[in-house]
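Okay, structure first, notes after.
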Amino acid sequence: MSEEQSVKTAAMLIEDKFWNIIKFFFLQSRNKALNEKIDPRTYDVIANRFIVLASAESTKDILSNMALQLDQLFVQTVVDCASAQEPLDMELFSQKTGSFLTYLSHECKPKTAIACFIESHMNDMVKRLVLESVGSAIVHKDKSHGLLLLAKQLVDAFEVTATEPKLASATRQLLPLFMDDETPISSLTSFFVTTVILMKNTDESEQLWTDFIQQVYAIYERSEVRASEIVALAFEQIKIKNAIDTDYQREALDTMMKGFAESPRTGMPHPVLENAVCLGLIQSQFYKVLSDAAVDNILSTLELILQDFNKKEHYVQGLRATVSVLNMLERLMQDESVYRLSERNSFSGIPSQVFDALHTSQKLHHDEDTDEYTEELALYRDCQVKATTVWDSIASGILMRRPDLAYSILNQLKKSIIDVTYPSSPSDSVQRVGRLLSSAFHSDDEREKAVCILLDTEEEWEKLYHPFMQHTTDYLSLAVTDPYVALSVDSLVDDEGELMPVSFDVYGLSSFGRLVLFWGEYLSDLGLAKSILADSSKDWLIRRLMLASVACSHELAAPGTHRIWEKKAVEGVRAFIEHIKNLFSMWLSTAIASSNLAEFPQQLLVSVKRQQVMKDNRLLDFTSHLALSCKTITLSANVLHQVISKLLVLGSWSASELESWLPLLKAESVELNLLTKAAIVSAFKYVLGNTDAYRHYQSDLCSKLSGVTSMLEFDYSPDEEIDSKRKRYWSLLGLLNSSALKIESFDIPRQRLLHLIQSLRPWLSQDFEFSEDQQRARARAQIAQLLKHLAKSVPDDLGGHWDYFLDCCFSWTAYADANQPEELLVLYYTLDLYETLVLLSKENEVLQEAINKHLVSYGKLLLELVVKEYKRETVSEARRAYQEVLARLLEHVPKKTLVEVDCFADLSRLLMTHNESLQKRAYSLLNKLVTEQVQDLSVKLEFTETSEVQAAIDNNILSIILSPPDASEWQAEEMDEHHHEIFGYLLAWMVMLDHFKDITFKLKQEYTNELKEKESVAHLMPVLCAILNVGQTSGSKPFNLSPWDVTEYDVEGFDGTHEMSFDILAAHLYYRALRHIPSLVRLWWIDCKNRQLTLAVEGYTEKHFSQPLINYELELLNRPDIKSQLEENEENEFTIKTLKAASEVTAKYVVDEQDMQIAIKLPSNYPLRQIEVEGVQKVGVNDKQWRGWMFAITAVIGSQVWTINNKEKEN
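Taking the working numbering, the leading residue of the sequence shown gets 22, the next gets one more, and so forth.
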């Protein structure tokens, strides 16, 4: 074959065969099986053949023709979106075409044949192909994805497309497609944004981008999710193209991005929205896509969502929003751009909120056992897990580069500790601080600095405590238990509304309460405490915590007086007080180690004289601060007394070392305030008490106090001049009382004491008008204490003065109202004085005679006072102390007075009061009244017709025993708040059963019938069974009575703080019920429908009660007086015999010289089952009649309420 023919043959093969292969590859065939064998990735094979053809000179013409054919093939197919080989997979076609052309573009080297070929033949085709792809995408929307993918590939591969003037116009025509939900937006957005980028910074490209953003914004108003997806795709293209120089910022884009960030709070969080926000924040650090204001707004929104989680109740919506934000932050932490973001001020709060989220307490909105609760719990846990992940990234990355953020978190944490709106408790804050210090501060110096920042300064602590320095008159009630409050003359307000307002957190803590409880718990860690204790510059913290501890103790004693915390914080406060107690002991040991205790009293004395705080000695600095304090004087006096008392023991100071203090402790000395003097005197007196110097000190006080001529001399106000006479007299009175010793209060010449008493008498009985009722109450309380000390000091020399003392008691008691805090103070000290006089009277006949004269009238006053304590639920320590002394004094009220006053109803109600001592006293007084009533009624019933005598049970007692408290949860949970109800109910039954002591048969029948009619035992037994755990479903065993004798019980020995007291009292009550009203218990047991309870009661009764009751009955029959009484019978010879081993009693009698005998057998579960009666011997009576008699006897005995000896006698 010639060369020419060879060329023609090759050209034919290329133009025919190769072209057919090309068409087959791009358009496929009708044969599906064949199509499946074609690998779309073989486009490189065809492209390489093109490159070979282009490199050969002989085939250039052929290739040019083929290029025209390709142009027609590609463009026409794109325009028609179809081919002769229907059906055409347009997306696959676009993929192959784009890949083919792109490959050619990438593989050709500059100035090569193929490069020239592409430049001369294919660039124009590519331009047309791009334009036609865009246009066809508009027409054939269902094929738009593939067409636009092709267009994007081409504009990416061929830069020449960017110069096409028609491209912008064609691209703009795509904008309506974004509104079509059916149009795939990934290829659409990618092509559109790529085109804008490739058009560089031309006016046309800027306008095209603006139009694009406006279109997306229109979509945003309809669908945030779709809009966010488009925006995210746009951001990705900007990053891919690394379009650094182009400004993409638009107000609409900022608005959308802010909306995406806000969407978790207002709608359903969505991963697409999260992706858009993350990409926006990331790309904004490298590209001009968002304004600084928008970035700041987005970061602030994320922070706000986390803040809501940390502070507010946890709803599903809020929890979902938090999870969404944490998802975004987790994504951001994985990108290097986060370090740039972290440099923004708007980012600085986010690490703090993430850190707080780690420790945010669970505050789920819905109750347990609901679907909503389950979802909330799962979301909350998810938040915790994600917050941990994000925080770990922050701590290991951002904080290492930006340590200032760690201090920002620290300061935020510091604020949150005292922020009452913040949900974390002090305990949570302790954990938060521990975690922050360990993860963000890596050296000891850094941690030390952080702790100092948290601690702040003493001045700041003082400011925070300032609102709590003023008090209402309720504060006076503390004077009952705190002698320094009693001496304080600070002005008090009548109404809480006059005080500075205080807010409390969800735990019941004020800002100051949160602060001190935090530090109390933080320093409960031994290691942390040691680091603080080792630094003397932080001793002020120990002092402040001690002062706070006293204030909290005051609040425990009298709720509401300091307002540092509310009732629900009580357990945390108790723990705080215990922490500070231990901390102070540790501090004291540390301070003593660096001090000379032997020289300490003189060193402190010098400090006080100089009015200077000695800073060169830790212990001296601490103590002199307290002694010279002019603020929080009452608290300081308490702490000072604690410190000096401990040092006295540890230092073993002698009296001679302390005597030099006495001149400074005189009333007229000005170096120390009165409360500080009283604190020091109270501590020193147990060492100085036996010295002449101390006696002289007391004598001097007594002598000067004798100069008082009017009660108004004690009407002292702190607003008066420092050297005023009233201040001096008030100090004299307070110091003299403070100096009193335990046994003989004042060890000074008796004549001087009697002179003081004589000088008091003329004005003490008069009623003076004080400037304030508060100070009058304080003065009377101090006078009452003084009279008590005087009575103890010279009891044998006050003969003519006793009536005067008792008259003071009567008048101060009669006109006082215990509901007023200031008068409660007077009442307590007056009753305390009266109790002292009663005790002294046991060895003083003159005093005893004086007391007897006042006993009736004063007893009535006491009864009037005690009935007012009924239903007083919340009681302060002062009120409790008052009630305790009142309960003790009621013991001395004569029975005659009780009967005369007719106080049975009032005392019955008092059984249910909250004070255990009052409950016991009410019971003992009721016992006396019941004894009197029963004796009176028994006599009346014996000599009067029953119908004429009112023998009904008192309605007050009856109403209590018929209204049992709910004890069903006694074994299952704490019932401390209901202990008084249970105890009162049991006492009411004790009173009820006291009616059956030494009672006649007739009266017993009356009471029993009434109890039976009211079904009273049916109310009692469930309570007893619950307490004793008999027949309950708890699974635990009943209370073991084996070690206890419950046949006798002393109510005074009851202690409600021990559950066992309830067990033993309940057991004793059941024993008495079985003994006094057995038929009623038996009736309840028989009628009980609960088989488990029936069997349990039977077993428990047989094991612990039956035998003692049987023994009691048999021993009673064996008593000589009872036995002789039963056997006295003029008509028949009658004898009885008991068989203890068989629990049996036999009765023998003679009828017509023939023996008759019956046997009464007590069952092992007596008295639940009836007594068995058997006829042993019978004479002259047939069997039928005899059986009838036995049945009748059994029935009578079973239904009666008397003991066996009564049965024997009746028979």
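Just so you know, even glycine gets a beta-carbon here, dropped at the ideal spot from N, CA and C.
Predicted model, so just to flag it, every value in this text is computed and none were measured.
Residues that residue i bridges to, as DSSP identifies them
{"i": "Met-1177", "result": "Tyr-1170"}
{"i": "Leu-781", "result": "Answer is none; Leu-781 lacks a bridge partner."}
{"i": "Lys-38", "result": "DSSP output for Lys-38 lists no bridge partner at all."}
{"i": "Leu-1160", "result": "Glu-1165"}
{"i": "Lys-309", "result": "Asp-268"}
{"i": "Thr-494", "result": "Answer by DSSP bridge pairing: none, since Thr-494 is not bridged."}
{"i": "Leu-530", "result": "Trp-586"}
Assigned secondary structure, residue i (DSSP; H/G/I helix, E/B strand, else coil)
{"i": "Ile-1098", "result": "coil"}
{"i": "Ser-1220", "result": "Caution is warranted here: a pLDDT of 46 is assigned to Ser-1220, below 50, making its placement in the model unreliable, and no coordinate value can be reported."}
{"i": "Asp-268", "result": "strand"}
{"i": "Trp-586", "result": "strand"}
{"i": "Leu-327", "result": "helix"}
{"i": "Lys-1182", "result": "strand"}
{"i": "Leu-649", "result": "coil"}
{"i": "His-913", "result": "coil"}
{"i": "Leu-385", "result": "strand"}
{"i": "His-463", "result": "coil"}
{"i": "Leu-513", "result": "coil"}
{"i": "Val-664", "result": "helix"}
{"i": "Glu-1235", "result": "A question about residue 1235 goes unanswered here, because the residues of the chain that appear run from 22 up to 1232."}
{"i": "His-335", "result": "strand"}
{"i": "Leu-983", "result": "coil"}
{"i": "Phe-179", "result": "coil"}
{"i": "Met-635", "result": "coil"}
{"i": "Glu-397", "result": "helix"}
{"i": "Pro-1059", "result": "coil"}
Nonlocal neighbours in the same chain, by C-beta distance under 7 Å from residue i, ignoring five residues either side
{"i": "Thr-1224", "result": "Note that Thr-1224 has pLDDT 49, beneath the 50 cutoff, so the model's placement of it is unreliable and no number is given."}
{"i": "Arg-801", "result": "Trp-833, Val-847"}
{"i": "Gln-806", "result": "Asn-758, Tyr-850"}
{"i": "Leu-883", "result": "Leu-907, Leu-910, Leu-911, Val-914"}
{"i": "Pro-1064", "result": "none"}
{"i": "Asp-1084", "result": "Ile-1048, Leu-1049, Phe-1060"}
{"i": "Tyr-486", "result": "Phe-533"}
{"i": "Leu-1114", "result": "Cys-1046, Gly-1052"}
Close Cβ partners of residue i (< 6 Å) along its chain, the five nearest in sequence each way excluded
{"i": "Asn-865", "result": "Pro-816"}
{"i": "Lys-309", "result": "Asp-268, Tyr-269, Gln-270"}
{"i": "Gly-1219", "result": "Low local confidence applies: a pLDDT of 48 at Gly-1219 is under 50, so the model's placement there is unreliable, with the coordinate-based value given in what follows. The residues are Gln-1191."}
{"i": "Arg-423", "result": "Ser-363"}
{"i": "Val-237", "result": "Ala-248, Ile-251"}
C-beta atoms of residue i and residue j nearer than 8 Å
{"i": "Leu-254", "j": "Thr-287", "result": "no"}
{"i": "Ser-727", "j": "Ser-780", "result": "yes"}
{"i": "Leu-1095", "j": "Leu-1130", "result": "yes"}
{"i": "Ser-437", "j": "Ser-446", "result": "no"}
{"i": "Asn-948", "j": "Gln-904", "result": "no"}
{"i": "Lys-117", "j": "Phe-47", "result": "yes"}
{"i": "Val-252", "j": "Met-220", "result": "no"}
{"i": "Arg-782", "j": "Tyr-825", "result": "yes"}
{"i": "Leu-18", "j": "Ile-159", "result": "Nothing about residue 18 can be reported from this structure: the residues present for the chain run from 22 to 1232 only."}
{"i": "Leu-753", "j": "Ala-688", "result": "yes"}
{"i": "Glu-479", "j": "Arg-535", "result": "no"}
Own chain partners of residue i with C-beta closer than 8 Å, once the 5 adjacent residues on each side are dropped
{"i": "Ala-902", "result": "Val-501, Thr-502, Tyr-849"}
{"i": "Ala-579", "result": "Asp-495, Tyr-496, Ser-498, Leu-499, Ser-897, Glu-898, Ala-899"}
Any chain D beta carbon closer than 8 Å to residue i
{"i": "Thr-322", "result": "No chain D is part of this structure, which consists of one protein chain only."}
Inset, instruction - Flag this pair as touching only if the region 919 to 932 and the region 985 to 994 have three or more C-beta atom pairs under 8 Å; answer yes or no. - result: As far as the Cβ criterion goes, the region 919 to 932 does not touch the region 985 to 994, which means the pair count is below three.
Inset, instruction - Determine, using beta-carbon pairs with one atom in the region 478 to 496 and one in the region 512 to 525, whether at least three such pairs fall under 8 Å. - result: yes
Legend entry - Three CB pairs or more closer than 8 Å across the region 391 to 407 and the region 424 to 433: no
Legend entry - contact_flag[the region 1072 to 1081, the region 1107 to 1123] where n(CB pairs < 8 Å) is 3 or more: no
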